[in-house]
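Note that the sequence shown covers residues 975 to 1232 in the numbering used here.
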Amino acid sequence: MIPVSPPPAGRAREVVRCAFGVWRTTHNAQRTTSPTRGFTLVELLVALAVMALLALVSWRGIDGMVRSQELTRQRADELLTLQTVLAQWSADLDALQAIEHTEPIAWDGQVLRLTRRSTRTPEEGALVVAWARRNVGGAAQWLRWQSAPVRTREQWRGAWQQAALWARTPGEAERRGETQLLPLADWQLFYFRGGAWASALSTDAATPSGPRSIGGPSEAALRIPDGVRLTITLPAGGALAGTLTRDWVNPLVGGGKS
C-alpha cells in the first residue's frame, strides 16, 4: 500500500477517501448561504394602509384648493355683476329728464319708473326705464326694463303704463325689454328733501314742497328729489350676502357728482 498524505490544511477542498484508500480531492468549495427574507403579510398591510392615507390626505388638499379657487372666482363674478348693476343704476338717475306734463321719477313700493335721456343723442327722444323685483324661475330677481325711444307725450304715457304692467303681470311684449340683473331678497328707496331722508312712499318725500319760483325749475324738475337712497338685501347662500346701501345725489344739487 502506498501511503497518501492528507491535503494541506486551509485549502477549500472536499476530501473524499475512496474504498481503495486513495485520497481524491474535488474543487467544489464549501459555500455558506443565508436564506432570502421577504416582507411579511403584516408589513404589506401596513405599507398599503400608509399609502392609502397619503393618497387621501393629498386628495383632500387638492379638493380644498379647487373649492377655494371656485369660491374666489364666484365671488369675483358676483362682485363684478353687482358693480355693473349699480353703475347702471347711477347712470339712469344721472340721466333723469324733466319733461312738462310727465313724471321724471315714481316709486309705488314695487317698481321704480324713470324718464331719462336717450343713451345716444337727444334727437332720439326720451326713454322710460323701470326697476323691479319679481319672481323668476322660483327665485326673486332684480330686473330692469327699458322702453323704445319716445318722442311724444302719448308715446311716453303708453311706455309709462307698460312699465307698470311689466312689473306685475308681464306679457311676451313686455319681456322683450327686460334684463335680469341679480338675485335680490328685498329693496327699499328713500328720498332726500328738505334736509332729511324719508321713505319714497310718503307724500312729503314724493311731492315737492313750497311754491314754484318765477324763472326757477319747472314743476317736473322739482319732482326730482335732491337725493335717492337705495337699500338692497342680497340673499344668503351666495358669495355676496347682506344689506348694501348706495346714495345718489342730484347733480344739480351736489355739484355734478353722484
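Glycine included, each C-beta is placed from N, C-alpha and C at the ideal position.
| Asked | Found |
| --- | --- |
| Below-8 Å beta-carbon distance, Gly1169 vs any chain C residue | Among the protein chains of the structure shown there is no chain C, as only one such chain exists. |
| Rounded separation between Leu1015 and Met1025 - CA only | 15 Å |
| Close-in-space but distant-in-sequence residues of the same chain around Asp1160 (CB under 6 Å, 5 per side omitted) | Thr1207 |
| Asn1286 burial status per 10 Å Cβ neighbour count (16 or more: buried) | Since the first residue of the chain shown is 975 and the last is 1232, residue 1286 is not available in this structure. |
| Those residues which DSSP pairs with Thr1076 across a bridge | Answer by DSSP bridge pairing: none, since Thr1076 is not bridged. |
| Simplified DSSP state of Asp1037, which is helix, strand or coil | helix |
| Any 3 or more C-beta pairs closer than 8 Å across the region 1194-1214 and the region 1152-1171 | yes |
| Nearest-angstrom beta carbon gap, Arg1091 and Ala1069 [assumed within contact, 8 Å] | 5 Å |
| 8 Å Cβ cutoff met for Arg1118 and Gln1062 | yes |
| Three-pair Cβ contact test at 8 Å for the region 1169-1176 versus the region 1129-1141 | no |
| When Ala1080, Ala1029, Thr1076, Ala1113 are compared against Val1129, the one with the closest alpha-carbon | Note that residue 1129 corresponds to Gln in the displayed sequence, not to Val. Answer by Cα proximity: Thr1076. |
| Neighbourhood of Ala1100 by C-beta, 6 Å cutoff - its chain only, sequence neighbours within 5 removed | Gln1071, Thr1089, Val1124 |
| C-beta contact flag for Trp1105 and Leu1086 at 8 Å | yes |
| Burial state of Gly1083 (16 or more Cβ within 10 Å) | exposed |
| Pairwise C-alpha distance: Glu1148 and Leu1204 | 25 Å |
| Nearest-angstrom Cα separation, counted from Ala1213 out to Gly1038 | 17 Å |
| Nearest neighbour of Gly1216, chosen from Ser1042, Leu1056, Pro1078 [CA to CA] | Leu1056 |
| DSSP-derived helix/strand/coil call for Ala1003 | Residue confidence for Ala1003 is low, a pLDDT of 48 falling below 50, so the modelled location carries little weight and cannot support an answer. |
| Residue of Thr1058, Gln1043, Ile1079 minimising C-alpha distance to Leu1196 | Ile1079 |
| Within 8 Å, strictly: CB atoms of Leu1163 and Trp1222 | no |
| CB of Leu1060 within 8 Å of CB of Arg1167, strictly | no |
| Ser1032 classed as buried or exposed, judged by whether at least 16 other C-beta atoms fall within 10 angstroms | exposed |
| Helix, strand or coil at Gly1111 according to DSSP, with G and I counted as helix | coil |
| Boundaries of the alpha helix (DSSP H) in which Gly1201 is found, first to last residue | Segment 1201-1208 is the beta strand (DSSP E) holding Gly1201; no alpha helix (DSSP H) there. |
| Environment of Val1020 [buried if 16+ CB atoms lie within 10 Å] | exposed |
| Residue range of the alpha helix (DSSP H) that includes Gly1132 | 1127-1142 |
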